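Engineer:
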Amino acid sequence: SFAGLGFLSLYLSGKIKAFDQSGHIAKLCIVFLPLLAAAFVGVSRVDDYWHHWQDVFAGGLL
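See below:
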């Protein structure tokens, strides 16, 4: 989930120009929502005992 949603976050960042000089907080929230969703998926996998936390952490870094 980190791979797909991380790419979506980068794509949205480029499309809405989230890091330009205007600095609207709504743009940053839109960019970070997919990363937050990926983190929730990772936490749910650890919570359901499907994966070890080390696996989720390493997958997030990759």
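Numbering (the numbering used here), first residue to last: 1 to 62.
Note that beta-carbon positions come from the ideal geometry of N, C-alpha and C, so glycine has one too.
Values in this document were obtained by computation on a predicted structure and should not be read as measured data.
Do L28 and S9 have their CB atoms nearer than 8 Å?
Structural biologist: What you label residue 28 is simply residue 28 of the sequence shown in a count that begins at 1. What you label residue 9 is simply residue 9 of the sequence shown in a count that begins at 1. Cβ distance not < 8 Å, so L28 and S9 don't count as in contact.
Engineer: Do three or more CB pairs link the segment 4-20 to the segment 30-46 at distances below 8 Å?
Structural biologist: yes
Engineer: Smallest Cα separation from L5: which of I25, I16, A38, A26?
Structural biologist: Here residue 5 corresponds to residue number 5 of the sequence shown, with the count starting at 1. Per the Cα distances, A38.
Engineer: Give the straight-line distance between the Cα atoms of V43 and F7, rounded to the nearest whole angstrom.
Structural biologist: Residue 43 sits at position 43 when you count from the first residue of the sequence shown. Residue 7 sits at position 7 when you count from the first residue of the sequence shown. Their Cα atoms are separated by approximately 19 Å.
Engineer: Excluding sequence positions up to five away, which residues of its chain have a Cβ less than 7 Å from the Cβ of R45?
Structural biologist: Here residue 45 refers to the residue found at position 45 when the sequence shown is read from its first residue. For R45, where only same-chain residues beyond five positions count, the Cβ hits under 7 Å are H51, V56.
Engineer: My guess is that I16 and I25 are in contact by the Cβ rule of under 8 Å, so how many angstroms apart are they, rounded?
Structural biologist: The sequence position of residue 16 within the sequence shown is 16, counting from 1. The sequence position of residue 25 within the sequence shown is 25, counting from 1. Rounded to the nearest angstrom, the Cβ distance from I16 to I25 is 13 Å, too far for a contact under 8 Å.
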